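Working notes for the structure below.
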Amino acid sequence: MKLQTLSRVAERIYWMGRYIERAESTARLIAVHADLLMDLPVRRALDWRVLMDITGSSALFATLHDDTTERNVVRYLASDARNPASILSSIANAMENMRTVRDTMPRVTFEYVNDLHLFARSGLQGPLSRSRRVEVLEGIARRVQQLEGFLSSNMTHDHKWQFLRLGNHIERADMTTRIIDVRSGAGSADEPFEPIQWRGVLRSLYALQSYQAIMQAPVEGPAVLEFLFQYEDQPRSYASCLNSLMFGLRRLPRSGPPLGVCNAMIRHVQEADVRDLEGAGLHEFVDGCQVQLGDLHDAIASTYFHYVPRVPARARRKEAKGQ
Amino acid sequence: MPIDRKAYNAEGIWDELVAPNGRARAGAGGLFRVLGRLSGERLAARQAAADLAIRTMGITFSVYHDQTKGAIDREWPFDIVPRLIRKREWDEVSRGLAQRVRALNLFIDDVYHRQRALDDGVVPRDYILQSREFRPECVGVDIPHGVWSHVCGSDLVRDERGVLYVLEDNLRVPSGVSYMLENRAVMKRVFPELFRHYAIHPVDDYPRELRNCLASLSPRDTERPKIVVLTPGIYNSAYFEHSYLAQLMGAELVEGSDLVVDRDDYVYMRTIEGLVRVDVIYRRIDDLFLDPDTFQPESLLGAPGLMRAWRSGKVALANAPGCGVADDKVIYSYVPDLIRYYLAEEPVLPNVPTYRCVEKASRDYVLDHLEQLVVKPANESGGYGMLIGPHSTRRERETFRRRIRANPRNYIGQPFLTLSSAPTFVKGRLEPRHLDLRPFILSGERTYITMGGLTRVALRKGSMVVNSSQGGGSKDTWVVDN
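Chains as they are written, first to last, in the numbering used here: chain A, 43 to 365; chain B, 1268 to 1749.
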């Protein structure tokens, strides 16, 4: 009889997967955004506030800072312990989850996570010049990739592995839709700079080069939307994330309910006319995707993490009566 | 670095490796030759390599930290000079340990059943019934092989004359065995050449033996019973060990919340595949936290109903609840009598002479000689709550005088033993440091005793306190062929 995966362990590994992914995508997001701003005229409407919208943290940010200055925003997203989704908070949370399941993963994993944590902590503390910032953020992203690469080639691809990947992919899908969503807020004044901004979107997702190779089209809204929503072979596309989630779920026992949710999501995105989406319509579509991601998380959690083991006899009788 | 005979001062101490004339004791010659060929710097480099190995292997123990109100992980302090025991001596010690643990298990089973030894006056009935570790809930429970303490860690010390004594038997949840295993792994990494000079008996069969021992307790007759290790969680000082043993045994490491006792009285664990039945629980939490339905209702560490499941024989708990009744320093003083009573044999290993404060004559002696004795509470572990007479202040002695008078049943006195020493690498030199030895005894269907055990060493000069929480370190322990 092989070792069984405890619900508690599965849950912590899943969250570890989410936090690691979140740390990387946030690092990447800041770096690409800073780069993009350099291509735009000074004092454009598209400023640092956008990042608050993407990460869904405008409300909390407002309680901590008056201005969305570059300094405030970067600090908030990168190292602020009061922001539970900051890079440093995410890595610390990944560490904490890792600590409690350390014995269930390859021994060296802890060293990778520990190294990532130490690097981020020392790199993000104190004043962060623009040039150093690029270096630190890239260092974080690279270390996360190293960790994922190590796990991918050394961790047994068992149930625990699937939970790690579910965490990665659900977080990745979430970030992809958030990044796309920013474009839905752009007004007509942005038009001359549209291509630059779409390029920024693609680069945040490591997708600019492959977009050009695959779509063989100029960088324009409709084609980018199709690429990022529906193109299955592009690792950070929404469709690819959903496929990975589906394949992962298929490898797990009792996966009926979450698999049902996931399959409906795949149909939903593949049947949508994403090329035509813009403005409020785009925002609404993204919103729908995020609600579905929430449903998928809930289905995973209630199937594997918090399911009620057995229905007590009394409750069963009540149910029967009600019907 | 050769041991400097003039500077190596173990006067009045029995040294494990150095004879009084400054030469190597029998068997230690090979070790001395290798050490002698290395300069102080190269020895320091080996020590640094060992420390690094311990860091990267993540061998830690947690200490509760007052300032931060949380646990901090500390690396396990390790000394690179091994401690040697000759196989011939070890065989004799093993025989003595097996004998002790057999008698102790017979005694615990007796206490919870017919109480023959109490009827026959071997141990006064009151001492048992007043013991904090006596559990009425265990009375009448029949358990596999009649064994209650499946994993026992006995502490051995040697006095200045070289006599080896049993200082105490940890029958409840002894820890330290993972460090015994890791010390050997570290030693192989940093001192491979030493292994060519000796036929050293391996220690790494322990996890397999532990698994076999636990499996022999399974209530279900199946090829591969489901065994789990129950830990209080990552903030426990021995969490590293819990996780380490679970991994090496191929057992699930569970917390109380992972377990459910269903209405059928079976124990299940919550897994992603649903509920899975558990046969044997190697629990690393104290009795009183096991089951909030039976013991402390506010405890979240155990699982409600666990005692019910255990009493009905549907799950095995190792060690069994209530086994601590024999892990009491007053009861300890009766072990030689128990060996004679149950086994009709003479004890192989002597006890340290012990004065029971509950008896008037002994109490008077202890109160009159506080300055020379060690006074211990009957039920503490980890070296806490002790009075070390020769190192105590008048104030401390007065405190203990009051405590003993107020609760004589809870105290014993023992002569202050000068523990034996062994060369230890401290600040670039080899100096004598005091040490003890904790072997582990497994009892199930059969008995297994570790080859050697965990040697703990007091790293502070002159100190006899070897506990890791109080500045102790450890050494690899070699049982070598003669």
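No residue lacks a Cβ here, since even glycine has one placed at the ideal position from N, Cα and C.
As the structure is a prediction and not an experimental result, all values here were calculated from the model.
From the DSSP output, in three-state form, read off Pro1252 (chain B) for me.
Since the first residue of chain B shown is 1268 and the last is 1749, residue 1252 (chain B) is not available in this structure.
Cβ neighbours of Phe205 (chain A) in the same chain (closer than 6 Å, five flanking residues each side left out):
Ala52, Ile55, Tyr56
Comparing the C-beta of Val1633 (chain B) with each C-beta of chain A, is any distance below 8 Å?
no
In whole angstroms, what is the alpha-carbon distance linking Glu274 (chain A) and Glu268 (chain A)?
Distance between the alpha carbons of Glu274 (chain A) and Glu268 (chain A): 10 Å.
Is there a Cβ of chain A sitting closer than 8 Å to that of Ala1570 (chain B), yes or no?
no
Confirm, please, whether the CB-CB distance from Val1521 (chain B) to Leu48 (chain A) is below 8 Å.
yes
Taking Tyr346 (chain A) as the query, report the chain B residues whose CB atoms sit under 8 Å from its CB, ordered along the chain.
Result: Ile1539.
Quick one: what does DSSP say Lys1694 (chain B) is sitting in, helix, strand or coil?
coil
Is the CB of Pro277 (chain A) under 8 Å away from at least one CB in chain B?
No, Pro277 (chain A) does not count as interfacial toward chain B.
Taking just the CA atoms, how far does Arg174 (chain A) sit from Gly1569 (chain B)?
49 Å
Hey, which unbroken runs of the alpha helix (DSSP H) at 4 residues or more fall wholly within the region 1578 to 1636 of chain B?
1596 to 1599, 1602 to 1610, 1627 to 1635
Within this structure, are the beta carbons of Ser1736 (chain B) and Ala1583 (chain B) separated by less than 8 Å?
no
Go ahead and pull the three-state DSSP assignment for Trp1281 (chain B).
coil
Does the region 1548 to 1562 of chain B come close enough to the region 1496 to 1504 of chain B that 3 or more CB-CB pairs lie under 8 Å?
yes
Please state whether DSSP places Lys1728 (chain B) in a helix, a strand or coil.
Lys1728 (chain B) falls in the coil class under three-state DSSP.
Between Ile1501 (chain B) and chain A, is there a C-beta pair that is closer than 8 Å?
With 8 Å as the cut-off, Ile1501 (chain B) counts as an interface residue toward chain A.
Members of the region 1521 to 1534 of chain B that neighbour chain A once the beta carbon cut-off is set at 9 Å
Val1521, Glu1522, Ser1524, Asp1525, Val1527, Asp1529, Arg1530
Under three-state DSSP, which class holds Lys1273 (chain B)?
coil
Continuous alpha helix (DSSP H) assignments of at least 4 residues falling wholly in the region 1503 to 1575 of chain B
1506 to 1516, 1554 to 1557
Kindly indicate if chain A contains any beta-carbon less than 8 Å away from that of Lys1336 (chain B).
At Lys1336 (chain B) the pLDDT is 44, less than 50, meaning the model places this residue with poor confidence and gives no usable figure here.
According to the Cβ coordinates, are Ile222 (chain A) and Leu338 (chain A) closer than 8 Å?
no
Checking contacts by CB at 8 Å: is Leu45 (chain A) closer than that to chain B?
yes
Chain A contacts from the region 1502 to 1516 of chain B (Cβ-Cβ distance under 7 Å)
Ser1510, Ala1513, Gln1514
Check whether chain B comes within 8 Å of Arg54 (chain A), counting only Cβ atoms and requiring the distance to be less than that.
no
Below 8 Å between beta carbons is the criterion; list the residues of the region 1536 to 1564 of chain B that meet it against any residue of chain A, in chain order.
Met1536, Arg1537, Thr1538, Ile1539, Glu1540, Gly1541, Leu1542, Val1543
Closest to Cys1590 (chain B) by C-alpha separation, out of B:Ser1398, B:Arg1392, B:Lys1742, B:Arg1530, would be which residue?
Comparing C-alpha distances from Cys1590 (chain B) to each of B:Ser1398, B:Arg1392, B:Lys1742, B:Arg1530 shows the shortest one belongs to B:Ser1398.
Between Asp1333 (chain B) and chain A, is there a C-beta pair that is closer than 8 Å?
Here the model assigns Asp1333 (chain B) a pLDDT of 47, short of 50, so the residue's position is not dependable and the matter cannot be decided.
According to the Cβ coordinates, are Glu63 (chain A) and Ile182 (chain A) closer than 8 Å?
no
Quick one: using the 10 Å Cβ neighbour count with 16 as the cut-off for buried, is Glu1508 (chain B) buried or exposed?
Burial state of Glu1508 (chain B) is buried, judged by a 10 Å Cβ sphere holding 16 or more other Cβ atoms.
Interface positions of the region 281 to 303 of chain A facing chain B (Cβ-Cβ less than 9 Å), listed along the chain
Leu294, Pro295, Arg296
Closest Cβ-Cβ distance between Thr1722 (chain B) and chain A: below 8 Å?
no
Let me know the alpha helix (DSSP H) ranges lying completely inside the region 155 to 216 of chain A, each 4 residues or longer, listed in chain order.
172 to 196
Given a cut-off of 8 Å, decide if Leu335 (chain A) and Asp216 (chain A) are closer than it, judged by their beta-carbon atoms.
yes
C-beta neighbour in chain A for Glu1342 (chain B), strict 8 Å
no
Limits of the unbroken alpha helix (DSSP H) element including Val1405 (chain B)
Per the sequence shown, residue 1405 (chain B) should be read as Cys rather than Val. Counting along the chain, Cys1405 (chain B) falls outside any alpha helix (DSSP H), and DSSP gives it neither H nor E.
Of all Cβ atoms in chain B, is any one closer than 8 Å to the Cβ of Asp145 (chain A)?
yes
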